[in-house]
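Student: Reminder that position 57 of the sequence shown reads as 56 in numbering that gives the first Met the number 0, one-by-one numbering, no gaps. For every residue, glycine included, the Cβ atom is placed at its ideal position computed from N, Cα and C.
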Amino acid sequence: MADSLPIKAERTSDPATGEAEHVGPVLEGELIDDSLPQPRRRKLRRGLARWRKRAPRAEPVTRARSVVLYRVRKAAQDVARLVWFVLRGNWRWLVKFWTWATYADLRADARRAPSPVTSKHDAPRRS
0 MADSLPIKAE RTSDPATGEA EHVGPVLEGE LIDDSLPQPR RRKLRRGLAR WRKRAPRAEP
60 VTRARSVVLY RVRKAAQDVA RLVWFVLRGN WRWLVKFWTW ATYADLRADA RRAPSPVTSK
120 HDAPRRS
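(1) What first and last residue would you give for the alpha helix (DSSP H) that runs through LYS73?
(2) Would you identify the three-state DSSP class for ALA107, choosing helix, strand or coil?
(3) Tell me the rounded alpha-carbon separation between VAL85 and TRP99.
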C-alpha cells in the first residue's frame, strides 16, 4: 500500500550545472518525457516584485500617500471643527430642549408672577 502513494520526482535538465527541475507528483507506472507540460517561469512574480519596488516612487502614489498622511495629521482638528458646526447649527434646538428638560420656562414664569398674599398688610389696597 505504501507504494501507491505519489512520489515527488526531480529531473536534472543539465548535469553540468546541477539545476533540478520539478516535474510534479509521479504516480506508480507513469512515464515521464518532454511531452508533459513543464512548469512556467515565474515572470509574473518577478514583474510584481519590480512593480512593487517602483510603485512607491510613482507620482500618483506619492500624491495619494501625502494626502492620506495630511488628513491623518489633521483628523483631530477636523473632528473638533465638525463638532463645532453641529453645535452651532443645532444650538437653538439644544436651548429649547434644555429649557423643556429643566422647566426653566416655568421657573421664570413663577418668578415673574405676583407673590401670593400672606397677610392683611401685604394685600393690595382697594380704592
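Tutor: In terms of the structure at hand:
(1) Start at 1 with the first residue of the sequence shown, and residue 73 comes out as number 74. Unbroken run through LYS73: none, as it is neither H nor E.
(2) The residue given as residue 107 occupies position 108 in the sequence shown. DSSP places ALA107 in helix when its eight states are reduced to three.
(3) Stepping through the sequence shown from its first residue, residue 85 is reached at position 86. Stepping through the sequence shown from its first residue, residue 99 is reached at position 100. Approximately 20 angstroms, taken between the alpha carbons.
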